[in-house]
Each structure stands twice: as C-alpha cells, then as structure tokens.
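Comments concern the structure below.
Residue numbers (our numbering): 2 to 529.
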C-alpha cells in the first residue's frame, strides 16, 4: 500500500514505517500518529488546535526599525545558542551591535541586548564564540574609538548572559583600519581574535591576531599571521584545534598567481606558528575568497570558500578537508549542487557525528533573488543527503548566513532577510536536528481513539511559537525511531513573535500510551 502523506509525516500501513517528508510545506492536517500497546498504529483526529507542524524559521531581532543584518551565531554549553548582529540607529548613532540568547529548546532566553558600550558612530561586523565557562564572547569593529578610523573591540559574557567585565580594545596597532574581526574559542577556556589590518605589514591589508586566556586577559602580544605580504590578505576565519592550537584562513590577492586565493596558517597551543603558511585552493583561475573554517572531531579541520567560475556559471562553493597533521585529506570538492548563477558567502560548522554542515546564499534558486541553502557531510567528508533550502520566506533576498553546531548534534542557521520584519532587513533563523531535518513534530492531547484519514485546517496564527519541556524522565525527551518512547507528560508554554492575533496555551499535555514522534523537547512554530 502506498504511503499516506500527512503533512510532515508519511505512514506506510503495510510495513508500519514512519518517515518524514523534507521541505517547508504548510501543514494543517489535524492528525497525529500514535502507537498503542493494544491498538497498534492509530491515526487520531484532533478536534482542537493541538496537532500542528513545527520547524518554521523564526525571527531573532525584536527591534525592527531600519536594518538588522550580518548575524553571527555561536553555541552555548547549556545546549542553547546566541545570535549577534548589527542594527542601524538602535543605539542612537548609526550601527550598533546587539544579541539574543536562546535556551536548549530554541526559546528566547531573556531580552534582546546591546553589546557595545561605546555608541558613537559605527560598531559593526560582530563575531561570537562560546567560552568553556558557559558564557560567550563577542567582537566587532568600531569607528574612531581607538583614535584612528576602525579598531577591534570585544565584550565577554558569563553563563547567565550578563556582561563579564568591561568592553575591551583588541588591536594594539591603531594606525588606519583594523576591522572585520573573527573570534574563536580555545581549548584552554580562552579565545583568539583575528582581523585584517591596513598597512601594518607594509602593503595594504594583512591578517593579525591576539590570544586571550580564560580570564579574558591578553595572552602574549598581537601577532602577524600572514607570511606573504604583497597586496591584500584579509577576511580571516579562525577555528580551534583538538591539540589546543588553532587554524586561521584568509584570502590573499595575487599569491596563487591569479587574483585571490585562499591560504591558512596553523598555530600550536602556545600560539606559535605550526608549520608554514599553506595554500588551500587547488583551482586557481580567477578568484577564490571569503573562506570559512571549522574544526573536526578527528583533530583536523575543513575550509570552505567561494570560487568564481569553477562550477561553470559564475560563483560556486568549494571545500577542502585537512587531517590533524595539517595535510590535505582528499581533494578539493564542490559543495553546491545547483550551479546556475551565483552561490557565495559560505559558512561551515562541525557536527557531533564527526561531519560538518555548510551553508551559503544562492541567487535565483528559491525563485526571488538570494536564498539560503545548505549541505551536510558525514565524518568521511561524503555528502549526507541532498542540498536543502533553509529559508521559508523567499520574497526579495535572504543572505549572509551563519551556521553554528548545537550540543544535541543538530545545528542552527541564521541570516538576514530583506523586508520580512516589515522594515528593511531583519535577522531570522532555523534549527535542525541531528538528522539534518528541520525540527518538526506533531503532538496532541487526544484520547486513545481512532478515526479515518480526514484533515482539518488550522486557524492558529502563523509564527505562533510553543516551547515544550519535559516534566517526566525520558532519555532526553526525544525519540528517533518508530519504536521509541516519549514522556508521559509535557508542559507547554508560548512566545508571541508578532504583535497581534495570538493564541495562548496553558496546562500540561498528557500523552497516553506510546507515541511515535521524532524530536520532542524542541520549540514548535506553527506554520498554518
């Protein structure tokens, strides 16, 4: 018997197989699938608004006036994550840096907060990284704060999301521009900040760094990362290594013989260069730039970048894996499957299973300007599943994605979206589970009864978010196979993500018998 499609669920009655359908279609079936000890598989009809689709993208920024863009996401030790971005005029004078924390269920933790203390002129291009103590650190570029054009600044936060100490200046050399910082956590509890600096290495931009210990105190002096100094070396990306060191990547003009190429440098746990500067891209025609690097569980790392013309039509996304010894692991590989027009500005993050995920923006693929896409890889560097669309809202452009791993094995992607929040660009996100699927499920408090395959439209407003947390023990509150067990009870709470026409929920959801679901203790976003 063919499977019966029920929104995000598919039932194959003959084999009793349950599989999820990928995609972002709206779900309003009013049906839930249960497995009872005496009834077997049963389709239960919902008479209220309790069976809904989840997994919709969510709005991050609360303040929507003007532009909010350039997001950076970082995981937190408690299973949650933090998103930072730049916001126009919110701090009273041009751009400032703001953030929002989320708990392990994907629900906002506290209010949107301002990161920068100094507000004169522009503070922009934030980068965030987790700290071993459960807190996080944010860096950004600030105009004229150090006395001469742009400088690099930072702010640490504790595990409660409270500022730890004062805003601090990162760059020691202040002549001209130091900007576009990137921050990465280190195994010893500290962190390293990298940035591009104008004229410091004697010829245009060069890449510099500064290490910090676990107390947030500078460890050693500011150091130059690039060895080759002709032309520009800029837009660095850093990642920690298992041996306590770190690796930095950047793009360099003219070094590979033809426009920009991607280069890197490993450092040991003392911050000393480990080996020599190395070229990452194999294909050198035209330009390869905007690299993003992530550490891997095996001690190695993976680098992704944008390459012009290599996939046959404008830009494409490429990558290269490295072993723990710093030697290339396999050959350069193409990430994007869809090659029409431009795919660019990649972001890469490690996954708990030893693999990694890459996100990027693609022109015209979602039907209207840029959209956000992704591809997962397993621990062998082989594509896991197919290329997938991340943004649900497709009007105008969605761009500048940032991906971060989550402690449950999943990941979160953030980006900025034009016009979606009602006024220029806003920050949006989408969480994924460890299988690489949007976090989706159907829950109900219906009794143990069966019904025919009918459907009922949902009248719950779009973007109503409902967070479920466990109130009884059950192996983390998730079930990944049809025979898995779920908690007997869950508590529901709500968060309104638009100002009007919201519904509210109260009281527990009681589940009788054994229900077949996939991920339980995650936020639910109604998309009906």
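Where a beta carbon is used, it is the ideal one built from N, C-alpha and C, also for glycine.
No experiment lies behind these values; they were computed from the predicted model shown.
The three-state reading of DSSP puts residue 112 in strand, counting E and B together. For residue 359, the enclosing beta strand (DSSP E) stretches over residues 357-364. Shown here, residue 195 sits in a strand according to DSSP, grouped into three states. Taking all protein chains shown into account, residue 282 has 16 or more neighbouring C-beta atoms within 10 Å of its C-beta and is therefore buried.
Around the beta carbon of residue 112, a 10 Å sphere encloses fewer than 16 other beta carbons of the protein chains shown; the residue is thus reported as exposed.
Here residue 255 is exposed. Its C-beta has fewer than 16 other C-beta atoms within 10 Å. Collapsing the DSSP output to three states places residue 425 in coil. Secondary structure at residue 178: coil, using DSSP grouped into helix, strand and coil.
Close CB contacts of residue 219 within its chain, under the 8 Å cut and outside five residues either way in sequence, are with 211, 212, 213 (chain order). The alpha-carbon separation between residue 60 and residue 276 amounts to approximately 44 Å. Annotation: residue 331 to residue 304 spans about 13 Å, alpha carbon to alpha carbon. In the three-state reduction of the DSSP assignment, residue 284 falls in the coil class. Ranked by Cα distance from residue 215, the first of 149, 273, 138 is 138. Rounded to whole angstroms, the gap between the alpha carbons of residue 95 and residue 87 is 10 Å.
Note that the stretch 128-136 touches the stretch 175-191; at least 3 beta-carbon pairs, one per stretch, sit closer than 8 Å. Nearest neighbour of residue 378 by Cα position, chosen from 334, 366, 417, 391, turns out to be 334.
Residue 395 and residue 368 do touch by the CB rule: their CB atoms are close to 6 Å apart, below 8 Å. Counting of Cβ neighbours within 10 angstroms places residue 326 among the exposed residues, the total staying below 16. Residue 78 and residue 409 have their C-alpha atoms some 11 Å from each other. For residue 148, the secondary structure class from DSSP, reduced to helix, strand or coil, is coil.
Of 199, 82, 349, 104, the smallest CA-CA separation from residue 361 is found for 349. Contact annotation: residue 230 and residue 203 have beta-carbon atoms nearer than 7 Å.
Between residue 117 and residue 100, the C-beta spacing is not below 7 Å.
By a beta-carbon distance limit of 8 Å, residue 82 does not contact residue 295. Their separation comes to about 15 Å. Assigned with DSSP and collapsed to three states, residue 58 falls in coil, not helix or strand. Counting every other CB atom within 10 Å of its CB across the protein chains shown gives residue 312 a total of 16 or more, marking it as buried. Between residue 414 and residue 407, the C-beta gap is not smaller than 7 Å, which leaves the two residues out of contact. The secondary-structure analysis by DSSP pairs residue 292 with nothing; it has no beta-bridge partner. Residue environment: residue 257 is assigned as buried (16 or more neighbouring CB atoms within 10 Å of its CB, all protein chains considered). The three-state secondary structure of residue 318, taken from DSSP, is strand. The shortest C-alpha to C-alpha distance from residue 172 to any of 158, 164, 149, 160 is the one to 149. As a beta-bridge residue in DSSP terms, residue 98 pairs with 87. When the beta-carbon positions are compared, residue 401 and residue 71 come within less than 7 Å of each other.
Distance check between residue 316 and each of 342, 302, 179 places 342 closest, using alpha-carbon atoms only.
Assignment of residue 227 by DSSP, reduced to helix, strand and coil, places it in the coil class.
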